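Down below is the structure, laid out as structure tokens.
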Amino acid sequence: DTGVSQDPRHKITKRGQNVTFRCDPISEHNRLYWYRQTLGQGPEFLTYFQNEAQLEKSRLLSDRFSAERPKGSFSTLEIQRTEQGDSAMYLCASSLRIADQETQYFGPGTRLLVL
Amino acid sequence: EDQVTQSPEALRLQEGESSSLNCSYTVSGLRGLFWYRQDPGKGPEFLFTLYSAGEEKEKERLKATLTKKESFLHITAPKPEDSATYLCAVQIYGNKLVFGAGTILRVKS
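Taken in sequence, the protein lines are chains A and B. Position one of the first sequence corresponds to residue 7 (this note's numbering), numbered consecutively onward. Position one of the second sequence corresponds to residue 2 (this note's numbering), numbered consecutively onward.
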């Protein structure tokens, strides 16, 4: 399977704990996005990378959230001191921009539940 | 503020009963409009991209159209396996996607 993969698929944690999610993009895709989706809503943008550079962060991304993409390959999203409001599906997408056109392909998501 | 609104929120159809989903948008600098399908507990699956008013794309029972203010996803003779949430998103300058809340489609046999 050459699609976007995410790990873990599910995570249950207690309030105050740190969690880290991993995303492996489609090979050769130079752009990688993180979104968050809550029940009944569409995904909301969190941040994106072009190669290893983090080019944009949403106002939704508090200081407790940090994302990295070392060497421009896989990416990690860490949430420190989790809160119950962080419970959501965290989605990763990757894309390759060609001639001003770009399609984002999504992974299966990591569902986080904070107790 | 960039905004995407989808209607209806939910739609129930009988198998074979054609209908349309609506996506209206207010954005500054549209680069493209995207339709995705999302099954419960899964990530969005790409369906179509539309770039300019008047453009149309088709795939099996689905057809997407675009005007300057809205897009429609037409579903012809739907089957139960078409049941899913259909998400509309716009890409604006800055590359991120702004999504609507989705339309939940249920097709009964």
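Cβ coordinates follow ideal geometry from the N, Cα and C atoms, glycine included. These numbers were taken from a predicted model, which means no experiment stands behind them.
So what does residue i bridge to, in DSSP terms?
i	result
Asp13/A	Arg28/A
Ser81/A	Cys29/A
Glu71/B	Ser25/B
Thr8/A	Thr8/A is not bridged to any residue.
Leu98/B	Gln92/B
Tyr41/A	Phe51/A, Leu97/A
Tyr52/B	Its beta-bridge partners do not exist; DSSP assigns none.
Lys63/A	Thr53/A
Glu59/B	Lys64/B
Lys109/B	Gln15/B
Ser8/B	Asn23/B
Thr86/B	Gln39/B, Ile105/B
Glu74/A	Thr82/A
Arg117/A	His16/A, Met95/A
List, in order along the chain, the chain A residues whose C-beta lies closer than 7 Å to that of residue i?
i	result
Leu98/B	Phe51, Gln110
Phe47/B	Thr109, Tyr111
Thr104/B	Those within 7 Å of Thr104/B in chain A number zero; the least Cβ separation is about 11 Å.
Thr27/B	Those within 7 Å of Thr27/B in chain A number zero; the least Cβ separation is about 15 Å.
Gly55/B	Neighbours of Gly55/B on chain A: none; closest Cβ ~17 Å, over 7 Å.
Find the residues of chain B that neighbour residue i, judging by a C-beta separation of less than 7 Å, and give them in chain order.
i	result
Pro114/A	Lys43, Gly44
Who are the neighbours of residue i on chain B, taking C-beta pairs under 9 Å?
i	result
Tyr39/A	Asn96, Lys97, Leu98
At a CB-CB cut-off below 8 Å, which residues of chain A make contact with residue i?
i	result
Leu88/B	Gly48, Pro49
Thr50/B	Gln107, Thr109
Pro30/B	In the sequence as presented, Pro is not what sits at residue 30/B; that position holds Gly. In chain order: nothing, as chain A lies at least about 13 Å away.
Gly101/B	Gly48
Which residues of chain B have a Cβ atom closer than 8 Å to the Cβ of residue i, listed in chain order?
i	result
Leu97/A	Gly44, Pro45
Glu62/A	Gly95, Asn96, Lys97
Would you please verify whether the beta carbon of residue i is less than 8 Å from any beta carbon of chain E?
i	result
Phe49/B	Here chain E cannot be found, since the structure's protein chains are A and B.
Check whether the Cβ of residue i lies closer than 7 Å to any heavy atom of the ligand FAD, and answer yes or no.
i	result
Ser64/A	With respect to the ligand FAD, the structure shown offers nothing to examine, as it has no ligands at all.
* Asked: Hey, is the stretch 25 to 34 of chain B in contact with the stretch 74 to 88 of chain A, meaning 3+ C-beta pairs nearer than 8 Å?
  -> no
* To do: Please confirm if the stretch 13 to 31 of chain A is in contact with the stretch 91 to 108 of chain A, defined as three or more CB-CB distances below 8 Å between the two stretches.
  => yes
* Say whether the stretch 33 to 51 of chain B touches the stretch 51 to 71 of chain A, bearing in mind that this needs 3 or more beta-carbon pairs closer than 8 Å, one atom from each stretch. => no
* Answer yes if the stretch 36 to 43 of chain A comes into contact with the stretch 99 to 110 of chain A, meaning at least three C-beta pairs across the two stretches below 8 Å, and no otherwise. => yes
* the stretch 9 to 26 of chain A in contact with the stretch 39 to 46 of chain A per 3-pair CB rule at 8 Å -> no
* Stretch-stretch touch, CB-based, cutoff 8 Å, three pairs: the stretch 107 to 116 of chain A with the stretch 5 to 18 of chain B -> no
* Asked: Is there contact between the stretch 66 to 74 of chain B and the stretch 45 to 56 of chain B, where contact requires at least three CB pairs shorter than 8 Å?
  -> yes
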